[in-house]
Every structure is written in C-alpha cells, then in structure tokens.
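Presented below is the structure to which this report refers.
Number of protein chains: 2
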Amino acid sequence: MNIAAVARAAGVGTGTVSRVLNESPSVRPATRARVLDVIEQLGYRPSRLATALSKGTPRTVAIVVPYMTRPSVVERLAGVISVLDREGYDAVVLNVETVAQRDRHLESLTERHRADGVVVVSLPVPQRQLSSFRQSGIPLVLVDAEAPGIPRTVADDVEGGRLATAHLVGLGHRRIGFVGDLGFEGIGNASTRQRFLGYRHALSAVGAEVDESLVRQGEHGAHTASLLAEEMLRARRPPTAIFAISDTQAIGVLGAADRLGIAVPDELAVVGYDDIESAAFLGLTTVRQQLARSGELGAARLCALLRGEEVRPRRQQLPLEVVARSSSARRRSLDGPRTSPSGEPHARAAKARVEVDGWVPPPASGTDAAAGGIAGALLRA
Amino acid sequence: MNIAAVARAAGVGTGTVSRVLNESPSVRPATRARVLDVIEQLGYRPSRLATALSKGTPRTVAIVVPYMTRPSVVERLAGVISVLDREGYDAVVLNVETVAQRDRHLESLTERHRADGVVVVSLPVPQRQLSSFRQSGIPLVLVDAEAPGIPRTVADDVEGGRLATAHLVGLGHRRIGFVGDLGFEGIGNASTRQRFLGYRHALSAVGAEVDESLVRQGEHGAHTASLLAEEMLRARRPPTAIFAISDTQAIGVLGAADRLGIAVPDELAVVGYDDIESAAFLGLTTVRQQLARSGELGAARLCALLRGEEVRPRRQQLPLEVVARSSSARRRSLDGPRTSPSGEPHARAAKARVEVDGWVPPPASGTDAAAGGIAGALLRA
DNA sequence: TTCCGCCATGGAACCGCTTCCACGTGATGT
DNA sequence: ACATCACGTGGAAGCGGTTCCATGGCGGAA
Numbered sequence: 038m039n040i041a042a043v044a045r046a047a048g049v050g051t052g053t054v055s056r057v058l059n060e061s062p063s064v065r066p067a068t069r070a071r072v073l074d075v076i077e078q079l080g081y082r083p084s085r086l087a088t089a090l091s092k093g094t095p096r097t098v099a100i101v102v103p104y105m106t107r108p109s110v111v112e113r114l115a116g117v118i119s120v121l122d123r124e125g126y127d128a129v130v131l132n133v134e135t136v137a138q139r140d141r142h143l144e145s146l147t148e149r150h151r152a153d154g155v156v157v158v159s160l161p162v163p164q165r166q167l168s169s170f171r172q173s174g175i176p177l178v179l180v181d182a183e184a185p186g187i188p189r190t191v192a193d194d195v196e197g198g199r200l201a202t203a204h205l206v207g208l209g210h211r212r213i214g215f216v217g218d219l220g221f222e223g224i225g226n227a228s229t230r231q232r233f234l235g236y237r238h239a240l241s242a243v244g245a246e247v248d249e250s251l252v253r254q255g256e257h258g259a260h261t262a263s264l265l266a267e268e269m270l271r272a273r274r275p276p277t278a279i280f281a282i283s284d285t286q287a288i289g290v291l292g293a294a295d296r297l298g299i300a301v302p303d304e305l306a307v308v309g310y311d312d313i314e315s316a317a318f319l320g321l322t323t324v325r326q327q328l329a330r331s332g333e334l335g336a337a338r339l340c341a342l343l344r345g346e347e348v349r350p351r352r353q354q355l356p357l358e359v360v361a362r363s364s365s366a367r368r369r370s371l372d373g374p375r376t377s378p379s380g381e382p383h384a385r386a387a388k389a390r391v392e393v394d395g396w397v398p399p400p401a402s403g404t405d406a407a408a409g410g411i412a413g414a415l416l417r418a
Numbered sequence: 038m039n040i041a042a043v044a045r046a047a048g049v050g051t052g053t054v055s056r057v058l059n060e061s062p063s064v065r066p067a068t069r070a071r072v073l074d075v076i077e078q079l080g081y082r083p084s085r086l087a088t089a090l091s092k093g094t095p096r097t098v099a100i101v102v103p104y105m106t107r108p109s110v111v112e113r114l115a116g117v118i119s120v121l122d123r124e125g126y127d128a129v130v131l132n133v134e135t136v137a138q139r140d141r142h143l144e145s146l147t148e149r150h151r152a153d154g155v156v157v158v159s160l161p162v163p164q165r166q167l168s169s170f171r172q173s174g175i176p177l178v179l180v181d182a183e184a185p186g187i188p189r190t191v192a193d194d195v196e197g198g199r200l201a202t203a204h205l206v207g208l209g210h211r212r213i214g215f216v217g218d219l220g221f222e223g224i225g226n227a228s229t230r231q232r233f234l235g236y237r238h239a240l241s242a243v244g245a246e247v248d249e250s251l252v253r254q255g256e257h258g259a260h261t262a263s264l265l266a267e268e269m270l271r272a273r274r275p276p277t278a279i280f281a282i283s284d285t286q287a288i289g290v291l292g293a294a295d296r297l298g299i300a301v302p303d304e305l306a307v308v309g310y311d312d313i314e315s316a317a318f319l320g321l322t323t324v325r326q327q328l329a330r331s332g333e334l335g336a337a338r339l340c341a342l343l344r345g346e347e348v349r350p351r352r353q354q355l356p357l358e359v360v361a362r363s364s365s366a367r368r369r370s371l372d373g374p375r376t377s378p379s380g381e382p383h384a385r386a387a388k389a390r391v392e393v394d395g396w397v398p399p400p401a402s403g404t405d406a407a408a409g410g411i412a413g414a415l416l417r418a
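If you read the protein sequences in the order shown, they are chains V and X.
Under the numbering used here, the first sequence has 364 at position 327, and the numbering climbs by one with no breaks.
Under the numbering used here, the second sequence has 189 at position 152, and the numbering climbs by one with no breaks.
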C-alpha cells in the first residue's frame with residue numbers, strides 16, 4: 038500500500054496525494070476531500086522512511102547518556118526528550134556504561150541520515166569524535182560537558198564545590214570532609230575533580246587546609262558513600278561537616294551518621310549536590326543545578342541549530358544555588374562534646390525545610406483521592 | 038556523496054559496492070580491497086535511511102513509558118534499552134505524562150516504517166490502539182501491563198500486595214496501613230488497586246478487616262506519602278505497620294515516622310514495593326519485582342517476534358519476593374506502650390541488612406580510588 | 001473573440017540503497 | 001573442441017515518498 042495505490046484509487050496523480058498529505062494549499066477542496074476519503078477507506082499510512090529519505094532528514098535526534106538510571110542523569114534526559122517531543126523529533130536514547138560503548142555509539146552517529154543532531158549528556162567527547170562530527174556536519178550539543186567551540190549548556194562545577202563548602206565554612210566548620218565518585222568509572226566527566234577544586238578554594242579562602250584524611254573517593258552510590266563517611270567519622274579526628282558531590286552520596290553520608298548515632302546537623306552537617314527530588318524530602322542541603330532545565334535548554338539549542346540559526350554564546354552557563362535545608366542548619370556549638378548519642382536526629386527538624394526552602398505542599402487536587410484524603414476510590418470499588 | 042560516486046571512483050558498479058558494504062562473499066578480494074580503499078579515501082558513509090527504506094525495516098523500536106524519571110520506571114526502561122542495543126535496534130523513547138500524549142504517541146506508532154516494534158511499559162493500552170496495532174501488523178509487547186492476547190511480561194500485583202501484607206501479618210501486625218498512589222493520574226496501570234486487593238486478601242485470611250481510616254491514596258512521591266502516613270499515625274488508633282505500594286512512598290512513610298519520633302521497626306513496621314537501589318541502603322523491607330529484568334525480557338521477546346518467532350506463553354510472569362530488611366524486623370511487643378520517643382531508630386539496625394539480604398559489598402576495584410581508600414587521584418593532581 | 005496567465009494537476013526524476021537478472025569469462029566435463 | 005556451469009560483476013528496477021516541470025482548462029483583459 039503506497040501513495041501510487043491511493044492515487045489510482047482516487048483517480049488522481051501521486052503528486053496530488055502528496056500535496057494533500059502535506060497540506061499544500063494548491064489542491065482544490067473537492068479533490069482534497071476525495072483523496073482524504075480514499076486514504077481513510079484504504080487505511081493508508083505514509084511510510085516514514087520514504088518521507089524522510091525524500092526530504093533528506095530523519096527527524097531524529099540521538100541522545101547519548103552515561104548510566105541513565107542515576108537520578109541526576111535521568112532528569113536531564115527527560116528534559117531533553119520533552120523538548121524534542123514538542124519540536125517533533127524522535128529521540129533515540131543511547132545509554133553508555135563503558136568506554137567502548139561510548140566510542141561505538143559516537144562513531145555510529147556520524148553515519149549519514151542516522152540522526153539530524155546529537156545531544157551528549159554528562160560525557161566528555163574525545164577529540165577524534167569531535168572532528169568527526171565537525172566533518173560530517175551533524176550538529177552536536179553538549180549538556181553538562183565541556184568542549185571548546187561546541188555549543189554546550191553547563192554549570193560551573195568548581196563554583197558549585199566552592200559554594201557548598203563556603204556554605205559550611207559560613208556555619209563555622211573548618212574540618213570538612215569530601216566524598217567524591219570515580220567520574221563514571223573513567224567514561225564520565227570530571228565533575229568530582231572540579232568540585233574538589235572548589236572545595237579546596239573555599240577552604241584556603243579562610244586559611245584552612247585540605248586534610249587528606251578527609252578526602253575520599255569511591256563508586257557512585259549511597260552504599261559506598263556511607264562506607265567512606267563511616268571511615269572518616271570513626272577516625273580520631275572526624276570532620277564536623279561533609280560535602281558529597283551528589284545527593285545520592287550525601288544520602289549515604291546521612292545513613293552513616295545515623296548508624297553511628299551522630300546527630301545531623303548538630304554533630305555533623307551534610308551538603309549534597311544536584312537537588313534531586315528526594316533531597317527536598319530528606320531535608321538535605323544541596324547545590325541546586327537545574328537538571329531538567331539543562332536538558333531542555335540543550336535540546337532547544339540543538340533545535341535552533343537544526344533550523345539553521347546561530348547559538349550564542351557557545352557556552353551557556355546555568356546558575357547554581359545552595360538550597361539550605363535541615364542537614365546543615367546552624368549548629369549550637371562547634372567544638373563542644375557530642376551531647377546526646379542520637380538526640381534529635383536531623384529528620385526531626387525536616388519541617389523547618391518548608392520555611393527554609395520556600396516550598397509549599399501542593400494544593401489538594403480536588404478529588405477525594407488527593408493527598409490527605411482517605412482512599413475513597415479503592416474502598417468503593 | 039552516494040554509492041554511485043563510490044562506484045564510479047572505484048571503477049565498479051553500484052551493486053558491487055553494495056555487496057562490499059554488506060560483506061557479501063561473492064566479491065573477489067582484490068575488488069573488495071579496491072572498493073574499501075575508495076570508501077576510506079572519500080570518507081563515504083552509507084545513508085541509513087536509504088538502507089532502511091530499501092530493506093524495508095528502520096531497525097528501530099519505540100518504547101512508551103509514563104513518568105520516566107521515576108526510579109522503578111527508568112530501571113525497566115534501561116533494561117529494555119540494553120537488550121535493544123545488543124540486538125542492534127535503535128531505541129526511540131516516548132515519555133508520557135498525560136492521556137492525550139499517550140494517545141498521540143500510540144497513534145503515531147502504527148505509521149508505516151516508524152518502528153519495527155513497540156514496547157509499552159507500565160501503561161494500559163486502550164482497546165482502540167490495540168486493534169490498530171493488530172491491524173498494522175506492528176509487533177507490540179507490554180511490560181508491567183496487561184492486555185489479553187498481547188505478549189507481556191508482568192508480575193502479579195495482587196500477589197505482591199498479599200505478600201507484603203502477609204509478611205507484616207506474620208510478624209503479628211493486624212492494624213496495617215495502606216498507602217497508595219493515584220495510578221499515574223489516570224494514565225497509568227492499576228497496580229495500586231491490585232495491590233490493595235492483595236492487602237485485603239491477606240488481612241481477611243487472618244480474620245482481620247480493612248479499616249477504612251488506614252487506607253490512603255495520594256500523588257506518587259515521598260512527600261505526599263509522608264503526609265498521608267503522618268495523618269494515620271497521629272490518629273487515635275494508629276497502625277502498627279504500613280504497606281506502601283512503592284519504595285518511594287515507603288521512604289515518605291519512614292520520614293513521617295522519624296518526624297513523629299516513632300521508632301521503626303519497633304513501633305512501626307514499614308514495607309515498600311519495587312526494591313529500588315536506595316531501598317537496600319535504607320534497610321527498607323520491600324517486595325522485589327525484577328525491574329531491569331522485566332524490561333530485558335520484554336525487549337528480548339519483542340526481538341524474537343521481529344525474527345518471526347513465536348513467543349509462548351503470551352503472559353510471562355516474573356516471580357515476586359519479599360526482601361526482609363530492618364524496617365520490618367521482628368518487634369519486641371505488639372501492643373506495649375511506645376518505649377522511647379525515638380529510641381533506636383531503624384537505620385541503626387541497617388547493618389543487619391547485609392546478613393538478611395545476602396548482599397555483600399563489591400570488592401575494591403583495584404585502584405587506589407576504590408571505595409574505602411583516601412582519594413589519591415584528587416590529591417595528587 | 002482572442003490572448004495571456006494562473007491554477008490545479010499528472011507524471012517523471014530524484015533521494016540512496018538493495019537485489020535480481022543478465023552477461024561475460026574462465027574452468028570443467030566429455 | 002565444444003557445451004556447461006559457476007562465479008564475479010554491471011546495471012536496472014524497486015523501496016515510497018517529494019518536488020519540479022509541463023500541460024490543459026479557465027477566467028479576465030483587450
């Protein structure tokens with residue numbers, strides 16, 4: 038079933054059918070009606086491939102992401118996809134967990150007619166591949182990754198590390214631990230390193246020094262982070278605060294503190310990074326980088342490129358912001374003894390978040406099944 | 038730059054170039070070498086669209102998911118994508134947050150040459166669309182959704198609800214709260230309803246009745262769940278245990294307990310659902326449904342269909358399993374007074390998880406940056 | 001009435017690859 | 001020596017659209 042069959046059945050030429058499909062104004066209403074009728078009758082659906090080949094564009098954008106299940110990554114990814122959807126592009130997702138996979142995928146994306154454009158998220162692109170893209174003329178946009186000359190939407194990780202640490206310094210902390218990850222095990226970006234630099238800046242700004250025993254790196258994930266934190270906290274001279282380079286790892290730190298009976302924030306302040314959904318709920322102080330928005334903006338810029346527009350400036354930087362919550366509320370005293378073994382766990386103070394954060398619970402949605410209601414629907418059925 | 042240009046430059050016919058590209062054995066080695074050489078020289082990349090149109094298959098599979106940022110959903114999605122990648126299919130992801138969006142996307146997928154096949158995750162497919170797929174002949178596979186006659190990979194949600202509740206009943210609980218969501222606000226599947234039925238079965242099996250005041254539904258998300266739990270726990274006759282239909286919501290329940298100074302598990306047992314990554318870390322008892330695996334299996338079955346194989350049985354059911362962790366450890370007494378306002382928070386017992394769960398920390402990865410080590414790389418640089 | 005021009009339309013050429021068919025060549029069988 | 005055959009190859013047809021160009025009919029202007 039192709040356009041010729043429709044043309045034959047409607048007693049018109051293929052050109053006319055095509056014009057009807059593309060809503061060309063130069064088709065007489067009567068003809069249009071007849072063609073649409075036949076299309077309906079036959080249940081004809083145009084071939085997307087043929088259209089794409091003929092028009093010379095697959096209307097597809099490829100997105101390359103590492104470890105897509107991580108909360109911070111999937112939020113960016115969802116942002117990218119939402120804009121592409123709105124703009125009528127199909128989003129092909131390429132998940133990357135090894136260097137070989139990254140290279141294979143990037144390689145394949147310069148194939149002709151594979152994708153109109155490419156968004157790479159949180160992944161450095163090797164020089165080789167960059168020139169490959171430049172040569173093939175396929176528009177490339179980065180989100181949360183740097184590469185000179187390539188349009189990119191980023192945040193300043195050094196500044197983020199500095200902000201987080203300065204926040205703790207401002208609360209009087211000087212012994213501040215650092216928990217980092219391994220940068221996607223070699224394939225990912227250098228955000229841990231960058232944030233560490235910011236951490237170091239903030240400390241030296243007040244004349245403090247980095248204590249090597251307070252700097253740890255391990256696999257991404259709450260569990261590993263909690264082990265790292267536990268080691269630090271069990272040492273002779275434990276930190277009074279810990280900065281973790283992701284909320285996931287910060288949650289691990291909170292767990293370690295809880296396990297050891299260390300009160301947060303009174304005995305240990307904790308700051309994370311990303312502001313994922315559960316951070317708000319857990320009362321975790323964090324550095325907000327607008328994850329979904331970074332994806333949306335990156336995608337929007339790619340779409341602009343695809344329309345033939347310029348994107349300026351090449352490097353688009355999103356603001357960072359410390360969101361102060363209960364895990365770093367002001368301490369009573371800095372050097373006093375740990376008062377109670379587990380007195381007043383920080384989550385007890387979570388209510389304070391509502392004020393600190395300016396967050397307001399969503400209004401009841403008007404049905405009896407809304408938050409706060411007894412589940413009428415379930416019980417009635 | 039097309040295959041004809043290559044043919045010309047190599048002094049051969051287009052057919053021969055095509056044969057070289059497709060590794061046909063019937064090309065003389067010398068000819069092959071010459072053609073490959075020219076391809077290299079010219080930097081020729083074949084057009085994916087032309088190949089696809091000519092072969093009659095786009096080598097693409099579409100995946101429709103609701104609310105892709107939710108942990109349970111993204112794990113399934115990643116499972117689907119990993120198998121498709123291995124099998125050489127491009128994965129187009131369609132995220133759905135409204136009914137209109139769902140219908141628009143499903144509609145578009147029956148277009149000719151849009152996708153070789155479709156995987157729908159955690160989303161019921163309306164009858165209309167089902168017949169549309171049947172008619173178009175595009176293979177469809179469901180993951181975590183039911184539809185008679187369609188190949189699907191599912192778990193038994195009723196049984197899951199029953200298992201969770203029976204676990205609590207087995208610990209002596211009779212006043213068991215239920216926290217559900219709104220089923221993706223109308224677009225999603227009916228898992229809350231199913232699990233509620235299981236919950237009810239388990240209660241009636243021991244002669245207990247559902248207490249309406251202990252059944253609540255609200256938006257998915259930890260925050261809402263914590264509000265719902267708080268209401269229940271503040272009531273005159275609070276529950277001694279709560280079953281939440283997702284780990285995300287269970288985390289909200291844990292938060293509410295913490296806020297109110299209610300000890301888990303001694304004063305309140307909590308069971309979630311899904312076994313997302315953070316559940317293990319938080320010591321949350323949960324019903325494990327193999328999320329990633331469900332996606333992998335669904336995708337594998339779609340690939341089988343695309344190879345023209347039969348998939349039997351149509352309905353593939355994955356086992357469920359209660360993973361007992363510290364949030365539902367055995368209580369000291371069931372009806373005694375609450376002993377300490379916040380004595381021994383459950384997370385203190387999280388270490389027990391390692392034994393309960395059979396989980397063993399991953400081995401150090403051999404670098405000095407592995408978990409447990411001081412961050413050598415950062416400090417050296 | 002005649003000429004011009006516009007509008008709606010049919011159909012060929014084209015997008016770039018695969019595949020089938022036909023053909024020439026050299027090896028084999030008798 | 002001649003028919004046969006297999007093999008390597010060139011090139012046309014086809015996949016299913018879009019788009020351009022030529023054409024015929026019609027209305028308006030002279």
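Where a beta carbon is used, it is the ideal one built from N, C-alpha and C, also for glycine.
Spatial neighbours of Leu-355(X) in its chain, beta-carbon cut-off 8 Å, leaving aside the 5 residues before and after: Along the second sequence, read from residue 1 onward, the residue named residue 355(X) stands at position 318. Here the set comprises Thr-190, Val-191, Ala-192, Gln-326, Gln-327, Arg-330, Ser-331, Leu-334.
With respect to the beta strand (DSSP E) encompassing Tyr-310(X), which residues constitute its N-terminal and C-terminal limits? As a first step, residue 310(X) must be located in the second sequence, where it is residue number 273. Residues 306–311.
To be precise: take each residue of the stretch 100–134 of chain X, compare its Cβ to all Cβ atoms of chain V, and keep it if any distance is under 8 Å. Which residues remain? Met-105, Thr-106, Pro-108, Val-111, Glu-112, Leu-114, Ala-115, Ile-118, Ser-119, Asp-122, Asp-127, Ala-128, Val-129, Val-130, Leu-131, Asn-132
Taking contact to mean 3 or more Cβ pairs, one atom from each stretch, closer than 8 Å, check whether the stretch 44–52 of chain V and the stretch 70–80 of chain V are in contact. yes
Taking Cβ positions, are Gln-254(X) and Asp-311(X) nearer each other than 8 Å? Counting from 1 along the second sequence, the entry for residue 254(X) is found at position 217. Counting from 1 along the second sequence, the entry for residue 311(X) is found at position 274. Not a contact, by the Cβ cut-off of 8 Å.
Exposed or buried, what is Glu-112(X) when buried is set at 16 or more other beta-carbons lying within 10 Å of its beta-carbon? To locate residue 112(X), count along the second sequence from 1; it is residue 75. Glu-112(X) comes out buried.
Spatial distance of Ile-175(V) from Leu-240(V) (CA atoms): Along the first sequence, one-based indexing puts residue 175(V) at 138. Along the first sequence, one-based indexing puts residue 240(V) at 203. Computed Cα separation, rounded: 43 Å.
In the DSSP assignment, find the alpha helix (DSSP H) that holds Glu-144(X) and state where it starts and stops. Locating residue 144(X) in the second sequence gives position 107, counting from the first residue. Taken as a continuous stretch (DSSP letters only), the alpha helix (DSSP H) holding Glu-144(X) covers 136–145.
Report, in whole angstroms, the separation of the C-beta atoms of Gly-235(V) and Arg-199(V), which I expect to be a contact under 8 Å. Within the first sequence, residue 235(V) is the residue found at index 198, counting from 1. Within the first sequence, residue 199(V) is the residue found at index 162, counting from 1. The pair is a contact, with the Cβ atoms about 4 Å apart (cut-off 8 Å).
Let me confirm a value: Asn-132(V) is counted as buried when at least 16 other C-beta atoms fall within 10 Å, else exposed. Which label applies? To locate residue 132(V), count along the first sequence from 1; it is residue 95. So Asn-132(V) ends up on the buried side.
Ile-288(V) and Leu-319(V): beta carbons closer than 8 Å? Your numbering for residue 288(V) matches position 251 in the first sequence. Your numbering for residue 319(V) matches position 282 in the first sequence. Yes. Within cutoff.
Nearest to Ala-41(V) (by Cα), restricted to the options Ser-61(V), Asn-59(V), Tyr-81(V): If you number the first sequence from 1, residue 41(V) lands on position 4. Here the closest residue by C-alpha is Tyr-81(V).
Counting only C-beta atoms, is Pro-95(V) closer than 8 Å to chain X at any point? Your numbering for residue 95(V) matches position 58 in the first sequence. Closer than 8 Å to some Cβ of chain X, the Cβ of Pro-95(V) qualifies, so yes.
Let's test the definition: count the other Cβ atoms within 10 Å of the Cβ of Ala-262(X) and tell me whether it reaches 16, buried, or not, exposed. What you label residue 262(X) is simply residue 225 of the second sequence in a count that begins at 1. It counts as buried.
Does DSSP put Pro-108(X) in a helix, a strand or coil? For the purposes of this step, residue 108(X) is taken as residue 71 along the second sequence, with counting starting at 1. Three-state DSSP puts Pro-108(X) in a helix.
Report the residues of the stretch 311–343 of chain V with a CB closer than 8 Å to any CB of chain X, ordered along the chain. Glu-314, Ser-315, Ala-317, Phe-318, Leu-319
At a Cβ threshold of 8 Å, is Arg-419(X) touching chain V? Outside the shown range of chain X, which is 38 to 418, sits residue 419(X), and nothing can be said about it.
CA-CA distance, Ala-44(V) and Leu-90(X)? On the first sequence, residue 44(V) is found 7 positions in, with the first residue counted as 1. On the second sequence, residue 90(X) is found 53 positions in, with the first residue counted as 1. Cα-Cα distance, rounded: 21 Å.
From what residue to what residue does the beta strand (DSSP E) around Glu-154(V) run? As a first step, residue 154(V) must be located in the first sequence, where it is residue number 117. It is worth fixing the name first, because residue 154(V) is Gly in this sequence and not Glu. Note, Gly-154(V): beta strand (DSSP E), 154–158.
Excluding five sequence neighbours on each side, which residues of the same chain lie with their C-beta closer than 7 Å to the C-beta of Leu-69(V)? In the first sequence, the residue the question calls residue 69(V) occupies position 32. The displayed chain sequence assigns Arg, not Leu, to residue 69(V). Excluding sequence neighbours, Arg-69(V) sits near Val-57.
Applying the criterion that 16 or more other CB atoms from any shown protein chain within 10 Å of the CB defines a buried residue, is Pro-302(X) buried or exposed? Within the second sequence, residue 302(X) is the residue found at index 265, counting from 1. Classification for Pro-302(X): buried.
Using 8 Å as the threshold, is the C-beta distance between Val-324(V) and Gly-116(V) below it? Counted from its first residue, the first sequence places residue 324(V) at position 287. Counted from its first residue, the first sequence places residue 116(V) at position 79. No, Cβ-Cβ distance for Val-324(V) and Gly-116(V) is not below 8 Å.
What does Thr-147(X) reach in chain V if we use C-beta pairs closer than 8 Å? Translated into positions along the second sequence, residue 147(X) becomes position 110. Those within 8 Å of Thr-147(X) in chain V are Arg-82.
Between the Cα of Gln-164(X) and those of Glu-183(X), Arg-271(X), Glu-148(X), spot the shortest distance and give me the residue it belongs to. Your numbering for residue 164(X) matches position 127 in the second sequence. Nearest option by C-alpha distance: Glu-183(X).
Less than 8 Å between the C-beta atoms of Glu-134(V) and Pro-83(V), yes or no? By 1-based counting over the first sequence, the position of residue 134(V) is 97. By 1-based counting over the first sequence, the position of residue 83(V) is 46. Against a cut-off of 8 Å, the Cβ pair of Pro-83(V) and Glu-134(V) comes out as no contact.
C-beta contact flag for Val-110(V) and Val-130(X) at 8 Å: Counting from one through the first sequence, the residue named residue 110(V) turns up at place 73. Counting from one through the second sequence, the residue named residue 130(X) turns up at place 93. The answer is no: Cβ separation not under 8 Å.
Establish whether the CB of Arg-274(X) and some CB of chain V are separated by less than 8 Å. Locating residue 274(X) in the second sequence gives position 237, where the first residue counts as 1. Cβ-Cβ to chain V under 8 Å: no for Arg-274(X).
Listing by chain order, which chain V residues have their CB less than 9 Å from the CB of Leu-305(X)? Numbered from 1 along the second sequence, position 268 holds the residue referred to as residue 305(X). What Leu-305(X) touches in chain V: nothing, since even the nearest Cβ is about 14 Å away.
Identify which residue in Leu-121(V), Ser-365(V), Arg-367(V), Arg-271(V) has its Cα closest to the Cα of Arg-338(V). Taking the first residue of the first sequence as 1, we reach residue 338(V) at position 301. Of the listed residues, the one whose Cα sits closest to Arg-338(V) is Leu-121(V).
Beta-carbon spacing of Ala-152(X), Leu-146(X) below 8 Å: Locating residue 152(X) in the second sequence gives position 115, counting from the first residue. Locating residue 146(X) in the second sequence gives position 109, counting from the first residue. Contact: yes.
Closer than 8 Å by beta-carbon distance: list the chain V residues that pair up with Arg-151(X), in chain order. Counting from 1 along the second sequence, the entry for residue 151(X) is found at position 114. Simply Arg-85.
Interface partners of Leu-428(X) on chain V, CB under 7 Å: Chain X is shown from 38 up to 418; residue 428(X) falls before or after that span and cannot be answered.
Check whether Pro-276(V) and Ile-213(V) have beta carbons under 8 Å apart: Position 239 of the first sequence, counting from 1, holds the residue named residue 276(V). Position 176 of the first sequence, counting from 1, holds the residue named residue 213(V). Cβ atoms of Pro-276(V) and Ile-213(V): closer than 8 Å.
Cα-Cα separation between Thr-206(X) and Glu-249(X), rounded to whole angstroms: As a working mapping, residue 206(X) is identified with position 169 in the second sequence. As a working mapping, residue 249(X) is identified with position 212 in the second sequence. First, the residue type needs correcting, since residue 206(X) is Val and not Thr in the sequence shown. Approximately 18 Å between the Cα atoms of the pair.
Which runs of the alpha helix (DSSP H) at least 4 residues long sit entirely within the stretch 275–337 of chain V? Give them in chain order. 284–297, 314–319
For a test of the three-state rule: what should DSSP assign to Arg-351(X), helix, strand or coil? Within the second sequence, residue 351(X) is the residue found at index 314, counting from 1. Looking at Arg-351(X) - three-state DSSP - the assignment turns out to be coil, as it is neither helix nor strand.
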